[in-house]
Each structure stands twice: as C-alpha cells, then as structure tokens.
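See structure below.
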Amino acid sequence: MQKELSTTYDPKQTEEKLYQKWIDKGYFHAEVDKKKKPFTIVIPPPNITGQLHMGHALDNMLQDAIIRTKRMQGYSALWMPGTDHASIATEVKIVDALREEGTSKEELGREKFLERAWEWKAKYGGRIVEQLKKLGSSLDWDRERFTMDEGCNRAVREVFVRLYEKGLIYQGNRIINWCPDCMTALSDAEVEYEEQASHLWHMRYRAEDGGEGIVVATTRPETMLGDTAVAVNPKDSRYKDLVGKNVILPLLDKPIPVIADEYVDMEFGTGAVKITPAHDPNDYEVGERHSLPMVRVMNDDGTMAENAGKYAGLDRDEARRQIVADLQACGAMVKIEDYTHNVGHCYRCHTVIEPIISRQWFVKMKELAQPAIEAVESGKVKFVPERFSKIYFNWLYNIRDWCISRQLWWGHRIPAYTCKNCGKLIVALDEPSKCPDCGNEEFVQDEDVLDTWFSSGLWPFSTLGWPDETPELSYFYPTDVLVTGYDIIFFWVARMIIFGIEIMGDVPFHTVDIHGIVRDSEGRKMSKSLNNGIDPLEVIDKYGADALRFSLAVGNSPGNDMRFYWEKVEAARNFANKIWNASRFVMMNIKGEVKPIDESRLDIADEWILLKLNDAIRECTENIEKYDLGLAAQKIYDFTWSELCDWYIEMAKPRLYGEDEAVREATISVLVYVLKNTLKLLHPFMPFITEDIYTSLPDADETIMLGPWPEIRYESGSAQAEMMNGVMDLIRSIRNVRAEMNVPPSVKVKLTVLTKHKAAIEACAEYLKKLAYASDVEIIEDKERIPENSVSAVCAVGEAFMPLAELIDVAKEIERLKKEAEKNSKEIGRAEGKLNNKGFTDKAPAKVVEEERAKLETYLEMRTKLKERISFLEGLKG
Numbered sequence: 001m002q003k004e005l006s007t008t009y010d011p012k013q014t015e016e017k018l019y020q021k022w023i024d025k026g027y028f029h030a031e032v033d034k035k036k037k038p039f040t041i042v043i044p045p046p047n048i049t050g051q052l053h054m055g056h057a058l059d060n061m062l063q064d065a066i067i068r069t070k071r072m073q074g075y076s077a078l079w080m081p082g083t084d085h086a087s088i089a090t091e092v093k094i095v096d097a098l099r100e101e102g103t104s105k106e107e108l109g110r111e112k113f114l115e116r117a118w119e120w121k122a123k124y125g126g127r128i129v130e131q132l133k134k135l136g137s138s139l140d141w142d143r144e145r146f147t148m149d150e151g152c153n154r155a156v157r158e159v160f161v162r163l164y165e166k167g168l169i170y171q172g173n174r175i176i177n178w179c180p181d182c183m184t185a186l187s188d189a190e191v192e193y194e195e196q197a198s199h200l201w202h203m204r205y206r207a208e209d210g211g212e213g214i215v216v217a218t219t220r221p222e223t224m225l226g227d228t229a230v231a232v233n234p235k236d237s238r239y240k241d242l243v244g245k246n247v248i249l250p251l252l253d254k255p256i257p258v259i260a261d262e263y264v265d266m267e268f269g270t271g272a273v274k275i276t277p278a279h280d281p282n283d284y285e286v287g288e289r290h291s292l293p294m295v296r297v298m299n300d301d302g303t304m305a306e307n308a309g310k311y312a313g314l315d316r317d318e319a320r321r322q323i324v325a326d327l328q329a330c331g332a333m334v335k336i337e338d339y340t341h342n343v344g345h346c347y348r349c350h351t352v353i354e355p356i357i358s359r360q361w362f363v364k365m366k367e368l369a370q371p372a373i374e375a376v377e378s379g380k381v382k383f384v385p386e387r388f389s390k391i392y393f394n395w396l397y398n399i400r401d402w403c404i405s406r407q408l409w410w411g412h413r414i415p416a417y418t419c420k421n422c423g424k425l426i427v428a429l430d431e432p433s434k435c436p437d438c439g440n441e442e443f444v445q446d447e448d449v450l451d452t453w454f455s456s457g458l459w460p461f462s463t464l465g466w467p468d469e470t471p472e473l474s475y476f477y478p479t480d481v482l483v484t485g486y487d488i489i490f491f492w493v494a495r496m497i498i499f500g501i502e503i504m505g506d507v508p509f510h511t512v513d514i515h516g517i518v519r520d521s522e523g524r525k526m527s528k529s530l531n532n533g534i535d536p537l538e539v540i541d542k543y544g545a546d547a548l549r550f551s552l553a554v555g556n557s558p559g560n561d562m563r564f565y566w567e568k569v570e571a572a573r574n575f576a577n578k579i580w581n582a583s584r585f586v587m588m589n590i591k592g593e594v595k596p597i598d599e600s601r602l603d604i605a606d607e608w609i610l611l612k613l614n615d616a617i618r619e620c621t622e623n624i625e626k627y628d629l630g631l632a633a634q635k636i637y638d639f640t641w642s643e644l645c646d647w648y649i650e651m652a653k654p655r656l657y658g659e660d661e662a663v664r665e666a667t668i669s670v671l672v673y674v675l676k677n678t679l680k681l682l683h684p685f686m687p688f689i690t691e692d693i694y695t696s697l698p699d700a701d702e703t704i705m706l707g708p709w710p711e712i713r714y715e716s717g718s719a720q721a722e723m724m725n726g727v728m729d730l731i732r733s734i735r736n737v738r739a740e741m742n743v744p745p746s747v748k749v750k751l752t753v754l755t756k757h758k759a760a761i762e763a764c765a766e767y768l769k770k771l772a773y774a775s776d777v778e779i780i781e782d783k784e785r786i787p788e789n790s791v792s793a794v795c796a797v798g799e800a801f802m803p804l805a806e807l808i809d810v811a812k813e814i815e816r817l818k819k820e821a822e823k824n825s826k827e828i829g830r831a832e833g834k835l836n837n838k839g840f841t842d843k844a845p846a847k848v849v850e851e852e853r854a855k856l857e858t859y860l861e862m863r864t865k866l867k868e869r870i871s872f873l874e875g876l877k878g
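Numbered by the UniProt record's numbering, the letters in the sequence shown go through residues 1 to 878 in order.
Right, dumping it as structure tokens:
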C-alpha cells in the first residue's frame with residue numbers, strides 16, 4: 001500500500017524507529033538453511049572499554065554493506081556480533097575507579113575485584129554495541145558473543161590444553177615487553193612507538209690485557225650493567241684480533257668476552273655493540289646462540305635490581321643519570337651525541353616499556369606458522385589488496401615464540417595447576433581432583449591470564465559453538481571475508497589463520513579485505529593528543545547515519561587511508577535529499593495501479609534509462625564482489641544523480657503531464673521500476689532512507705533488505721537508445737553556448753541539427769525542445785542548409801545551429817561586452833600597478849602577493865575572451 005512521503009527527509013525521525021522495527025522483525029537473524037548458501041562475516045570485536053570512532057564507523061560500514069548485499073542476494077547471511085574483554089584496558093578502568101574510592105585491587109582481593117569487573121562490564125560494556133546500532137549495523141544480535149562468556153572461555157581452555165599436550169605451549173624464561181606501571185607483559189600490538197629525542201652514549205670497554213679495547217654506543221646506558229658480551233661482525237677486520245678475548249665492563253670491573261656474530265651491522269656506530277641478553281630481544285637471540293649468561297639488572301617496577309650493584313633500588317631514569325656521570329668521571333665515556341629514535345610505550349598508560357627476560361607462558365610459533373604461510377601462498381586465503389600479504393609473510397617468516405601470559409586478574413585465567421604438596425604442574429580443562437604423583441587434593445592455579453589476542457584468535461569458530469559440533473559451526477564455518485584495518489594483520493589476522501588451520505583443519509575465511517584509516521582533513525591521524533578526532537555520533541546527530549556512511553564509502557579504496565571532510569558529509573546529505581525529492585516526484589505521479597513494463601511501448605528515453613540501470617547493476621555488483629565498495633558507491637551515485645534525476649526524470653515530465661493516458665502509464669511503469677532497483681543498489685550504503693522510501697512504494701516488499709538484489713533485464717534497447725548519450729552531449733553543448741552568451745532559458749529559438757544520425761535525433765526531438773530550450777527542431781543532412789548568422793554547438797552526434805538574431809540583440813550585446821572590457825582593463829591596470837610596486841611585493845605576505853598574481857592572470861584571460869567575442873559579433877553585424 002502506497003503511503004505519502006513528507007516534504008523533507010528527517011533522519012532523526014526515521015532512523016531509530018526503523019532500526020527498532022528491523023530488530024523486532026528479526027531481519028538481521030541468520031539461520032542454518034540448507035536451501036541457501038551461507039555467507040559469514042565475524043566482526044572484529046570492539047573493546048568493551050571503547051567508544052565508536054571513525055575507524056569503527058568505516059570498518060562496520062564496509063561489513064554492513066557487504067552483508068546487506070549478500071542478504072538481498074539470497075544467502076543465509078550471518079554477521080556475527082560481539083565484544084572483546086580487553087584485559088589491560090578494562091583492568092586499568094577498574095583500578096582507577098578503586099583508586100578514587102581510596103582502595104586498590106590488592107586490598108579488594110582477586111574474587112571481589114572480578115565481581116567489580118563484571119559489574120563494570122554489565123554497566124558500560126554494551127555502550128559501543130548501542131553506538132554500532134546507531135550506525136545502522138545489521139548484526140545478528142540474537143547471536144551476540146563476548147570473549148569471556150562461558151562458551152568462549154571453554155574454547156580458550158580447550159585450545160590451551162591441546163597445544164600444551166602437543167608441546168606447542170611451554171613455560172620458560174624469554175625476553176618480553178614489560179610495562180613497569182601496569183606490571184604486566186604486553187603483546188607487540190600493545191606497544192606504541194613514539195619518536196623521542198635522546199642521546200647516543202659512546203663508551204669504551206678497555207681490554208683485559210690493558211689495551212684500548214673497544215668503543216660501543218648505546219641509547220640505554222642503564223642496561224650496560226647487564227652486559228655479558230660485546231659483539232662484532234665476523235667480517236669486520238678492525239676487531240679480528242679482539243674476538244675471543246675479554247674486555248672490562250666499566251663501573252663493575254667485570255670481564256666479558258668479545259664475540260663475532262652476523263647480527264652486527266658494521267656500518268652502524270663503531271661496528272661494535274654491547275650485548276645485554278636479559279634486556280633486549282635481539283641481544284637475547286645472540287645470547288642464545290653463544291650461550292651467554294642472562295643477567296637481569298632491573299626489577300618489574302622499573303627500579304634497578306640487586307645485580308645492578310651500588311645502583312640497586314634507584315629508579316631507571318635516576319640510575320641512567322648516575323651511570324652516565326660515573327662513566328664520565330672514570331674516563332670511560334668517549335662522547336655523547338644527540339639522537340632521535342623510536343621508543344616503545346604501553347598503549348594504555350604510556351609508560352616506556354622495558355624489554356626484560358621473564359618467566360612466562362609461550363606458544364611455539366614456527367611450526368604453527370608454516371601452514372598459515374602456505375594458505376596465503378596457495379591462494380586459499382587472499383588479501384585485498386594483494387600487497388598486504390607482504391606484511392603477513394614478513395611477520396610469519398620472522399616469527400618468534402609468542403608470550404601469551406599476562407600479570408592481570410581480568411581475563412582468561414591460565415588452566416595450569418600446581419600440586420601444593422609435590423609441586424607437579426598439571427595443565428587441564430578443570431582443576432584436578434587428585435595429584436597423579438602424590439595423591440594430594442590441593443592445587444594452586446596459575447595467577448596469570450591469557451593475552452587478549454589468544455581468545456580473539458579463536459573468534460571465527462568459538463563464536464559458532466566450538467568445541468561442540470554445532471549445526472552453526474558446520475554450516476557457517478569457514479566464514480567468508482574478514483574486513484579489518486592493516487594495523488592488525490599480524491596481531492590478529494595471522495593468528496586467526498594459524499588457529500583456524502590448527503584447530504579446525506581449515507582456514508577461517510577465504511578473503512581478508514583490508515581498509516586504511518580515516519585521517520583528518522589535513523591528512524593527520526586522529527588522536528587525543530592532536531584533539532582532531534571526529535565523533536561519528538556527532539555526525540549522525542547532525543546529518544544522519546546514511547550521510548556518514550555514504551561519505552565514508554565514496555572515495556574509499558581498499559587498503560588506502562582516506563580523509564574526513566565535513567563537506568563530504570554535507571554532499572552525502574544533499575544526495576539523500578535528491579533521492580527523497582525524486583522519489584516524492586515519482587510517487588506524486590502514481591495514480592492507481594502501477595503496471596509491469598510493456599516493452600512494446602517503451603520510448604527511446606525509457607530504453608536508454610533501462611540500459612543505464614543495467615550498467616549500474618552490473619558495475620555495482622562486480623565492484624562489491626571485488627570488495628571495491630568505493631567504486632560501487634560512486635557508480636550508483638553517478639547513475640542516481642545524473643542519469644536518473646537530472647536526465648530521465650526531466651525527460652519523463654512531458655509524458656507524465658501530457659493527455660495520453662497510455663503514455664503516462666508506460667512512463668510511470670519505467671519510473672517505478674528504475675526507482676525500486678536504484679533504491680536496492682543504494683540500500684547497502686544508505687539503509688535507512690532506502691527502506692523508508694521503498695516500503696512507501698506500491699506493491700513493495702515488507703522490507704527492502706530481504707527483497708531480491710537487482711537483476712539485469714530489458715537488454716534489448718534499440719540502436720537509437722544507444723545514441724542517447726550523444727544526444728545528451730549535444731544538449732550540454734547547446735546549454736553551454738547559451739550560458740556563454742547569457743541567454744536565459746525562457747528565450748526559445750529554432751534548432752537546426754546537422755547529423756548523420758537522423759533517426760536518433762528525430763526520436764529525441766521532443767527532448768531537445770524541452771532540455772535545450774528550443775521552439776522547434778529541424779534535422780538536416782546537408783551543410784548547404786545551415787542557416788546564416790548562426791552560432792553552433794558541436795559534439796560527436798552532430799552540430800546544432802541557432803540563429804543569433806533570435807538569441808540576442810547583437811548591438812546591445814557588443815555594447816555590454818565593451819563596458820565589460822573597459823572594467824576589465826581597469827582591473828588589469830590596478831593589479832599590474834600593485835605587482836610592479838616593490839613596496840607591495842616586498843612587504844606584503846607571500847600569500848597575498850600570490851593571490852594578486854592569480855587575479856591578474858584571470859583578468860588577462862578574460863581580456864582575450866572578451867576581445868574574441870566582440871570581434872566575432874562585430875563580424876556578424878557586418
């Protein structure tokens with residue numbers, strides 16, 4: 001049943017109401033349906049501490065556009081929702097709240113602390129979910145998951161136990177990233193690097209035999225107390241006589257060996273480097289190769305440890321100052337240079353992280369990485385764009401064992417239990433009832449929790465019910481496409497592929513669709529420090545979700561960063577208004593039943609718009625299938641704004657307002673058909689306005705999102721229809737000529753068209769009259785019949801002539817142009833005077849001077865055109 005559209009479209013009155021209707025009707029829900037093909041996307045789970053930002057908006061808009069398309073194409077399309085527990089971020093929130101209350105997590109105890117954390121999650125954890133709904137995200141909320149819900153927790157424990165039993169998980173001492181403030185290990189993804197001005201300290205380690213020894217340079221002199229060797233490149237002839245001998249570690253007077261290792265870059269610094277295996281990941285590898293002692297000189301809280309000698313107990317910054325002073329005092333400091341380098345900081349508290357050796361839980365990654373490498377090399381998993389596979393390969397080919405333990409309370413607690421009596425370690429899904437060695441029944445569970453990336457790495461199958469063999473798991477896994485940013489390719493994407501192959505025996509998805517980040521209008525990354533972030537909810541409140549979504553879609557290309565402009569959002573809002581007004585026009589002209597298209601009664605314009613619609617369907621579908629949604633959005637924008645609204649609707653008006661009822665009915669049939677299919681193509685990008693209009697049309701489906709995706713039909717357009725673009729070019733040329741001569745649309749003149757395409761022009765004669773403001777149209781094929789004293793408009797389809805005398809009063813036009821030329825000459829004189837004045841060019845700001853030069857250039861161009869125009873008209877006057 002057709003309903004009337006309001007005079008203007010108001011997103012605030014529409015979006016929330018429509019979204020609730022979609023939820024109530026269950027339109028987003030996907031079921032196991034053997035009659036349909038499945039199509040699955042799992043959401044990159046946002047942190048429960050997070051708020052919607054532009055990166056989320058882009059990421060979820062892309063996923064939503066894909067899943068809405070697939071839903072309309074008849075798939076059982078599942079977009080799996082959920083959130084991540086975000087161990088560190090959430091724990092920081094709770095700890096801060098407790099501090100404000102005058103207490104701490106230690107005073108509260110683990111059990112009470114976790115109760116508070118779950119209370120916080122219940123109160124604030126769903127905030128970003130509600131914000132995603134405002135964006136129009138059509139996630140299957142009936143299936144919402146949380147990385148710490150009962151099912152996901154069970155899956156995590158199951159995977160941990162399996163990998164441990166295969167010898168792929170172990171506990172040992174290795175170098176990890178450590179935050180002295182949060183007091184926990186960090187993953188590489190949780191370390192943010194910032195460029196920092198510092199120094200490069202050059203220190204001499206004298207030879208044990210009293211010789212000059214060797215000079216090394218370091219950015220962290222406080223770690224020198226843990227040096228257990230100095231390394232040089234085996235090819236470096238400068239130091240060949242020192243290799244195998246000892247040098248003396250300053251301040252501690254401790255002999256350490258000089259070793260040869262390919263790791264050393266002969267071109268960097270002095271070509272000799274200090275090796276501190278307990279405090280540097282590269283040094284650790286060198287230490288392992290050469291069986292060096294691992295001497296840790298720093299405590300977990302960032303103070304110097306007992307091994308630091310007289311510096312023990314000092315804060316690491318104070319220790320640095322005292323060590324530098326002491327090195328200068330004893331003559332070991334050769335020189336100090338200014339040096340800028342990247343320094344790792346904790347992503348939550350921004351404290352400088354410490355690489356330290358620590359007893360942690362690790363996953364052996366090399367064995368797991370090989371099948372993941374082969375999956376992408378074989379094409380079983382494809383990156384879009386393909387160039388991002390290089391990042392993936394680079395990480396996997398150089399992979400190190402993964403530290404998975406975190407010294408936190410909020411998270412998946414490691415399922416490892418130690419017998420209180422004999423100390424036997426047991427890894428099991430649940431706490432053992434009895435020790436197999438001594439029979440003791442009391443155990444202590446490992447205090448640590450797992451890295452958040454461990455649980456999110458299982459996301460594609462844990463959310464579908466694994467380890468149970470659920471119908472959803474066998475139907476929806478493997479999923480189809482993962483949409484994500486390039487910044488977490490190795491932190492998350494690679495780990496999902498690794499776990500999918502290892503646990504499920506198959507890759508978790510066949511395509512990884514990579515997008516860039518949304519930058520500000522100046523190209524800067526949005527950040528709190530720059531205060532340049534744009535709140536998507538503010539944009540939605542001002543312009544509506546559809547406008548935000550479409551502004552993010554148009555101009556977006558896979559893998560590339562994009563800039564946010566308010567002007568783009570305004571343009572998208574204007575586009576929404578254009579669609580609304582065009583739809584109102586169509587609906588206002590519907591009188592009674594809308595009949596199916598009768599191909600025998602199609603006009604040339606009807607045939608043309610149907611062919612153009614086919615092009616739009618074909619190109620939009622192909623680009624969405626290739627995950628190039630920016631091109632798809634641009635195509636439907638161009639078709640809707642230009643071909644449908646600016647051209648076809650204008651061509652339709654004379655037939656709608658004419659007296660022939662059969663012609664009017666045929667025209668409405670085409671208009672409604674094209675409008676419905678246009679709305680369907682637009683729906684993935686602008687779901688709200690398309691739903692509102694579509695459901696208001698006669699004989700429409702209950703919702704646009706379950707209506708069939710447009711199909712290519714009516715391909716048998718006439719040869720004349722193919723010429724329609726040429727006729728449109730001719731109309732544009734005529735309009736341009738009239739605009740140059742300042743002829744208003746109300747002045748109508750006879751058109752004489754010289755063309756080789758007589759049939760096409762005859763078929764379009766009425767459109768030429770209306771859209772090119774002609775009183776009549778004559779078609780000629782002989783140049784001798786061209787009217788005298790005419791101006792012409794030329795394009796590929798032909799040449800149109802208009803009698804000049806009917807367009808303008810030549811004498812008056814010459815007089816007007818001469819006055820314009822006189823005014824123009826004065827402006828040229830003024831600008832040249834300014835630019836010839838050194839007082840102006842030397843003292844005025846460079847920007848002002850450049851603006852004046854640009855003005856002069858414009859005035860000179862205008863003078864040339866005015867002269868040409870006056871000369872042409874005077875020639876006609878005779």
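Note that beta-carbon positions come from the ideal geometry of N, C-alpha and C, so glycine has one too.
| Inter-residue Cα distance where the pair is GLY344 and MET224 | Approximately 19 Å between the Cα atoms of the pair.
| Within 10 angstroms of its Cβ, does ILE786 collect 16 or more other Cβ (buried), or is it exposed? | With fewer than 16 Cβ atoms within 10 Å of its Cβ, ILE786 is classed as exposed.
| field | Where HIS412 falls, given that 16 or more other Cβ within 10 Å makes a residue buried | value | Around the beta carbon of HIS412, 16 or more other beta carbons sit within 10 angstroms, so the residue counts as buried.
| Cβ-based neighbour list, ASP430, same chain, cut-off 6 Å, excluding 5 preceding and 5 following | Taking ASP430 as the centre and dropping the five residues before and after it, the same chain places no C-beta closer than 6 Å to its C-beta.
| query | Which one of LYS166, VAL747, ALA416, GLU262 has the shortest CA to CA distance from GLN445? | reply | Ranked by how close their Cα comes to the Cα of GLN445, the residues LYS166, VAL747, ALA416, GLU262 have ALA416 in first place.
| Roughly how many angstroms separate the alpha carbons of ILE357 and ILE373, rounded to a whole number? | Roughly 29 Å separates the two Cα atoms.
| message | Is the beta carbon of VAL569 closer than 7 Å to that of VAL539? | response | The answer is yes: Cβ separation under 7 Å.
| message | Per the DSSP calculation, LYS364 is bridged to which residue(s)? | response | DSSP links LYS364 through a beta bridge to no other residue.
| request: Taking ARG425 as part of the beta strand (DSSP E), name the residues at either end of that continuous run. | output: For the sequence presented, residue 425 should be read as Leu rather than Arg. For LEU425, the enclosing beta strand (DSSP E) has its first and last residue at 425-427.
| Uninterrupted alpha helix (DSSP H) stretches inside the region 707-758 (no shorter than 4 residues) | Scanning the region 707-758 for uninterrupted alpha helix (DSSP H) segments of 4 residues or longer gives 719-722, 724-740, listed from N- to C-terminal end.
| field | Counted within 10 angstroms of its Cβ, other Cβ atoms place LYS528 as buried (16 or more) or exposed | value | That one is exposed.
| said: Quick check: what's the CA-CA separation for HIS202 versus MET365? | reply: HIS202 and MET365: Cα-Cα distance of roughly 37 Å.
| query | Would the beta-carbon of ILE517 be found less than 6 Å away from any heavy atom of the ligand ZN? | reply | Within the structure as shown, the ligand ZN is missing, as the structure has no ligands at all.
| message | Please report the distance separating the alpha-carbon of ASP520 from that of GLU567. | response | One C-alpha to the other measures close to 12 Å.
| request: Would you mind listing the alpha helix (DSSP H) stretches within the region 272-321 that are 4+ residues and don't spill past its ends, in chain order? | output: Counting only unbroken stretches of 4 or more residues, the alpha helix (DSSP H) elements lying wholly within the region 272-321 are 281-289, in sequence order.
| task | Identify whether ASN440 lies in helix, strand or coil by the three-state DSSP scheme. | result | Looking at ASN440 - three-state DSSP - the assignment turns out to be coil, as it is neither helix nor strand.
| said: Looking at ILE404: is its Cβ nearer than 7 Å to the Cβ of TRP459? | reply: Going by C-beta atoms, ILE404 is not nearer than 7 Å to TRP459.
| request: Give every residue of the same chain whose Cβ lies closer than 6 Å to the Cβ of LEU314, excluding the five residues on either side of it in the sequence, and list them in chain order. | output: Hits under 6 Å: MET304.
| message | With distance defined between alpha-carbon atoms, name the residue in LYS823, ALA765, LYS756 nearest to GLU799. | response | Nearest option by C-alpha distance: LYS756.
| Any 3 or more C-beta pairs closer than 8 Å across the region 502-514 and the region 372-387 | Short answer: they touch.
| message | Quick check on the burial criterion: 16 or more other C-beta atoms within 10 angstroms. Buried or exposed for GLN328? | response | The residue in question, GLN328, is exposed, as its Cβ has fewer than 16 Cβ neighbours within 10 Å.
| task | Give the single residue among ILE498, CYS330, MET741, GLU806 whose Cα lies nearest to the Cα of GLN370. | result | Minimum Cα-Cα distance from GLN370 among the listed residues ILE498, CYS330, MET741, GLU806 corresponds to ILE498.
| request: Might you give, ordered along the chain, the residues of its own chain that have their beta carbon closer than 7 Å to the beta carbon of CYS456, omitting 5 neighbours on each side? | output: Per the sequence shown, the amino acid found at residue 456 is Ser instead of Cys. Taking C-beta separations shorter than 7 Å and ignoring five residues to either side along the sequence, the partners of SER456 in its chain run PRO45, ASP84, THR147, TRP492, following chain order.
| VAL747, buried or exposed, once every other Cβ within 10 Å from all chains shown has been counted against 16 | Only exposed fits VAL747, as fewer than 16 other CB atoms lie within 10 angstroms of its CB.
| query | Using DSSP with H/G/I as helix, E/B as strand and the rest coil, what is residue 924? | reply | Nothing about residue 924 can be read from this structure; the chain reaches only from 1 to 878.
| message | Here's the rule I'm using: 16 or more other beta-carbon atoms within 10 Å means buried, otherwise exposed. How should LYS758 be labelled? | response | LYS758 should be labelled exposed.
| Do you know offhand how far ALA30's Cα is from PHE268's? | For ALA30 and PHE268, the distance between alpha carbons rounds to 58 Å.
| said: Am I right that TYR767 and ALA605 are in contact with their C-beta atoms under 8 Å? What's the rounded C-beta distance? | reply: About 7 Å separates the beta carbons of TYR767 and ALA605, which is inside the 8 Å limit, making them a contact pair.
| request: Determine contact between the region 19-30 and the region 690-710, defined as no fewer than three beta-carbon pairs at a distance below 8 Å. | output: With a cut-off of 8 Å on Cβ pairs, the region 19-30 is in contact with the region 690-710, counting three or more such pairs.
| message | Against chain C, does LYS819 count as a neighbour if the rule is that its beta carbon must be under 7 Å from one of theirs? | response | The question asks about chain C, but that chain is absent: this structure has only one protein chain.
| request: Quick one: residues in its chain with C-beta nearer than 6 Å to the C-beta of ASP301, no 5 flanking neighbours on either side, listed in chain order? | output: Here ASP301 has PRO180 as same chain residues with Cβ atoms under 6 Å from its own Cβ, once five neighbours each way along the sequence are excluded.
| request: Please go through the region 105-190 and give each complete alpha helix (DSSP H) segment of 4 or more residues, from N-terminal end onward. | output: Runs found: 105-108, 110-124, 127-134, 150-165.
| message | Once the 5 residues before and after VAL749 are set aside, which same chain residues still bring their CB inside 7 Å of it? | response | Here the set comprises ALA774, SER775, MET802, PRO803, GLU806, LEU807.
| task | Identify whether GLU861 lies in helix, strand or coil by the three-state DSSP scheme. | result | Shown here, GLU861 sits in a helix according to DSSP, grouped into three states.
| query | With distances taken from CA atoms, which of ALA229, VAL161, ALA616 is nearest PRO710? | reply | Of the listed residues, the one whose Cα sits closest to PRO710 is ALA616.
| Would you say the region 212-231 touches the region 254-268, given that touching needs at least three Cβ pairs under 8 Å? | Touching, per the Cβ criterion.
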